[in-house]
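Enquirer: Residue numbers (my numbering): 19 to 376. Below: one structure in structure tokens.
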Ligand SMILES: Cc1ncc(COP(=O)(O)O)c(C=O)c1O
């Protein structure tokens, strides 16, 4: 097994002559092993591992300068929205949060200052799908970078670089780690100049992961394929169970043939995963809270992608940083319930949801 190099510094042969490693903010052998593995997972030349998914996102935005503009999905992880709108806007970077259901919509927001398109597909929590190749086709001739948050799909189900994206971001906290015991993020990419710029930002700003956490993610990805197969199988069974439940109004799962952009999901993904959201016919917050607090196997908690099933209330938990008006406008209602389907027995999970929905 890869050793955990629990060290902050490395003995050098002579001043200015190191043995490949000098100081652990710059490099660590456990992290190097992980970064090599991460690159392979996304068919990339380079992998960079960060202290969290948000730290990886932060490094991408720091490629930009005041006056630059970013086009981002209007349904995206609340923490990404918070980072963009509350931290970077005040440094003079402009963000357009738009509906990317039709990739061509992006063109309407492009101008000479547009430097980056930030995609999340499927989105958190409404599972909206964006056509990666179609956005790349619009961005490439204008030299606009495309970065895809691939957290929900995982590299097992989708590889955005294969569709021409410049960078892939993961919250490795989720499916890559897989066991809800580590916070970490990563970037995978092919261009060396871009990699060197991002590495410089990381070394200068310091958002590096610890060696123990690198070991945990390395161990997690060894079972990624087996876990993802079960997440997909369970996800499909539960999506259909919910859809047929008389008290359920709407299920957001990108594997339904009548789901918007299903054909795009089918084209760019190898399976539909274990993430989904749903609303109840009784659209009150009380009815949702009853379900959220009465499941016995599904644990009420933030995060996703672990082997244990989780239930979440985006409006008050993961997406509370998005103003209500903005949230509701984009379809994220107060009663929406999000599920991260784990790898437990599917019948047990269905029974649990059935008794909670009542
Ligand atoms: C889609 C998505 N992107 C990014 C993040 C941020 O990752 P982290 O919590 O590792 O900083 C999350 C976390 O929930 C997420 O769900």
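All residues carry an ideal CB built from backbone N, CA and C; glycine is no exception. Since this is a predicted model, take the numbers as computed values, not measurements.
List the residues that DSSP assigns as beta-bridge partners of residue 163.
Expert: Paired residue(s): 134.
Enquirer: Going by CA-CA distance only, name the one from 235, 87 and 223 that's closest to residue 203.
Expert: If we check each option's Cα against that of residue 203, 235 comes out closest.
Enquirer: Do residue 175 and residue 287 count as a contact pair if the criterion is CB distance below 8 Å?
Expert: Going by C-beta atoms, residue 287 is nearer than 8 Å to residue 175.
Enquirer: Taking the runs of the alpha helix (DSSP H) that are 4 residues or longer, which of them lie wholly in the segment 37 to 118?
Expert: 47 to 59, 71 to 79 and 96 to 100, all fully within the segment 37 to 118.
Enquirer: With residue 330 as the anchor, note down where its beta strand (DSSP E) starts and where it stops.
Expert: That run of the beta strand (DSSP E) goes 328 to 330.
Enquirer: Can you tell me whether residue 133 is buried or exposed, with buried defined as 16 or more other CB within 10 angstroms of its CB?
Expert: Buried: at least 16 other Cβ atoms inside 10 Å.
Enquirer: Please go through the same chain and pick out, in chain order, the residues whose beta-carbon is closer than 6 Å to the beta-carbon of residue 289, but skip the five residues on each side of it.
Expert: Only 175 and 250 meet the Cβ criterion.
Enquirer: Beta carbon of residue 24, beta carbon of residue 229: below 8 Å?
Expert: Taking 8 Å as the Cβ cut-off, residue 24 and residue 229 qualify as a contacting pair.
Enquirer: Report whether the distance from the Cβ of residue 40 to the nearest heavy atom of ligand 1 is below 7 Å.
Expert: Answer for residue 40: no, Cβ out of range of ligand 1.
Enquirer: By DSSP, does residue 307 sit in helix, in strand, or in coil?
Expert: Looking at residue 307 - three-state DSSP - the assignment turns out to be helix.
Enquirer: Give me whichever residues DSSP pairs with residue 347 in a beta bridge.
Expert: Answer is none; residue 347 lacks a bridge partner.
Enquirer: Could you give the first and the last residue of the continuous beta strand (DSSP E) run that contains residue 285?
Expert: That residue, residue 285, is in no beta strand (DSSP E); its alpha helix (DSSP H) goes 280 to 286.
Enquirer: Quick one: residues in its chain with C-beta nearer than 7 Å to the C-beta of residue 311, no 5 flanking neighbours on either side, listed in chain order?
Expert: The answer, listed in chain order, is 318.
Enquirer: Name the DSSP beta bridge partners of residue 266, please?
Expert: According to DSSP, which records beta bridges pairwise, residue 266 is partnered with 298.
Enquirer: When you measure from the CB of residue 60 to every non-hydrogen atom of ligand 1, does any distance come out below 7 Å?
Expert: Not under cutoff, so the answer is no.
Enquirer: Is the segment 289 to 301 in contact with the segment 142 to 159, if contact means three or more CB pairs nearer than 8 Å?
Expert: Flag = yes, the segment 289 to 301 and the segment 142 to 159 touch.
Enquirer: Count the other CB atoms, across all protein chains shown, that sit within 10 Å of the CB of residue 332; report buried if there are 16 or more and exposed otherwise.
Expert: It is buried - the Cβ of residue 332 has at least 16 other Cβ atoms within 10 Å.
Enquirer: Does the distance from the C-beta atom of residue 60 to that of residue 186 stay below 8 Å?
Expert: Yes, these two residues count as a Cβ contact at 8 Å.
Enquirer: State the Cα-Cα distance for the pair residue 375 and residue 212, rounded to the nearest angstrom.
Expert: Each residue's alpha carbon lies about 49 Å from the other.
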